[in-house]
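Chemist: Here's a structure for you.
In the numbering used here, the protein residues as written are 578 to 870.
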């Protein structure tokens, strides 16, 4: 049963009483501001349409060439594009086509990706039973593939659905397993997200002590990540002082981009590799991943 969270409920705004400091009413955007916003929305819409047309051309070309592998990849990319644009019916169609192609060529890694992304789409549509079915099929495949990173994503997504259904025991089970996998992979982002999810669930259950425990672990992860970013930044500044002006060796890598600890669903945008992680640290966790019983 879905209940509105406190932050989702708008409290009525009351005018100030005599002697009180008046509240500030946000001004409506001026004419120029409205035009700027409309221009940005128009540019985004054109950009989306151009990306859709580009991917559709690729899909047609691969289909004509009977290149099912690349056709499936293009369908997956198009489905993710639609998903991010909140066009879920179109996203669902793309991921279903990707799944059918993956099955036809017996590409289990592509099949796993399709199940993960289709599950995310079903959840946004509101069909939680179908979403669970997709995630469980994906978990079956990651076992065969020994894809630990893929397993972590699916456990996170499945845990989110159990939390939405108020099945907190299963939600804790999934996010705890995800935390174990993240530690094993030295995946700091995954560890942060799992701790955030577990902290939130225990808070909902009223177990403040456990909630604080996981929030403290989250803070420790973020502090470590900040320290690594600062160390990297200082190292790069030192390199710049010694480098020849105009050198291209000073570019920051992808891992320097900021990432937030969040507990939302995770799409499978690229083929997972169990050796990859999204921000590691020394030390490892214990625990083998397993599907929900």
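For every residue, glycine included, the Cβ atom is placed at its ideal position computed from N, Cα and C.
Is it buried or exposed, residue 845, if we count other Cβ atoms within 10 angstroms and call 16 or more buried?
Modeler: Per the 10 Å Cβ criterion, buried.
Chemist: Give me, in chain order, the residues of the same chain whose beta-carbon lies closer than 7 Å to that of residue 657; leave out the 5 immediate sequence neighbours on both sides.
Modeler: For residue 657, where only same-chain residues beyond five positions count, the Cβ hits under 7 Å are 694, 844, 846.
Chemist: Apart from the five residues just before and just after residue 836, which ones in its own chain have a Cβ nearer than 6 Å to its Cβ?
Modeler: Note that residue 836 scores 36 on pLDDT, short of 50, meaning its location in the model is unreliable; the coordinates nonetheless yield the value given after this. Closer than 6 Å at Cβ, skipping near neighbours: 766.
Chemist: If you follow the alpha helix (DSSP H) that residue 771 is part of, which residue opens it and which one closes it?
Modeler: Counting along the chain, the alpha helix (DSSP H) containing residue 771 begins and ends at 765 to 782.
Chemist: Going by DSSP in three states, residue 806 sits in which element: helix, strand or coil?
Modeler: The answer is helix: DSSP assigns residue 806 an H, G or I state.
Chemist: Check whether the Cβ atoms of residue 727 and residue 679 sit closer than 8 Å, and answer yes or no.
Modeler: Against a cut-off of 8 Å, the Cβ pair of residue 679 and residue 727 comes out as no contact.
Chemist: Given this structure, state the Cα-to-Cα distance separating residue 729 from residue 762, to the nearest angstrom.
Modeler: When rounded, the distance between both Cα atoms is 10 Å.
Chemist: For residue 751, which residues in the same chain have their Cβ closer than 8 Å to its Cβ, ignoring the five residues on either side in sequence?
Modeler: Only 732, 733, 735, 736, 739, 869 meet the Cβ criterion.
Chemist: Do residue 719 and residue 684 have their beta-carbon atoms positioned less than 8 Å apart in this structure?
Modeler: The answer is no: Cβ separation not under 8 Å.
Chemist: Just to confirm the assignment, what range does the alpha helix (DSSP H) spanning residue 706 have?
Modeler: Note, residue 706: alpha helix (DSSP H), 705 to 722.
Chemist: Which residues bound the alpha helix (DSSP H) around residue 843?
Modeler: Segment: none, residue 843 is in no alpha helix (DSSP H) and carries neither H nor E.
Chemist: Please report the distance separating the alpha-carbon of residue 787 from that of residue 771.
Modeler: Rounded to whole angstroms, residue 787 to residue 771 spans 14 Å at the Cα level.
Chemist: Just the C-alpha distance for residue 716 and residue 815, rounded to the nearest angstrom, thanks.
Modeler: Using only the alpha carbons, I get a separation of about 45 Å.
Chemist: Can residue 697 be considered in contact with the ligand SAH, in the sense that its beta carbon sits closer than 7 Å to one or more heavy atoms?
Modeler: The model on display carries no ligand, and the ligand SAH is accordingly not part of it.
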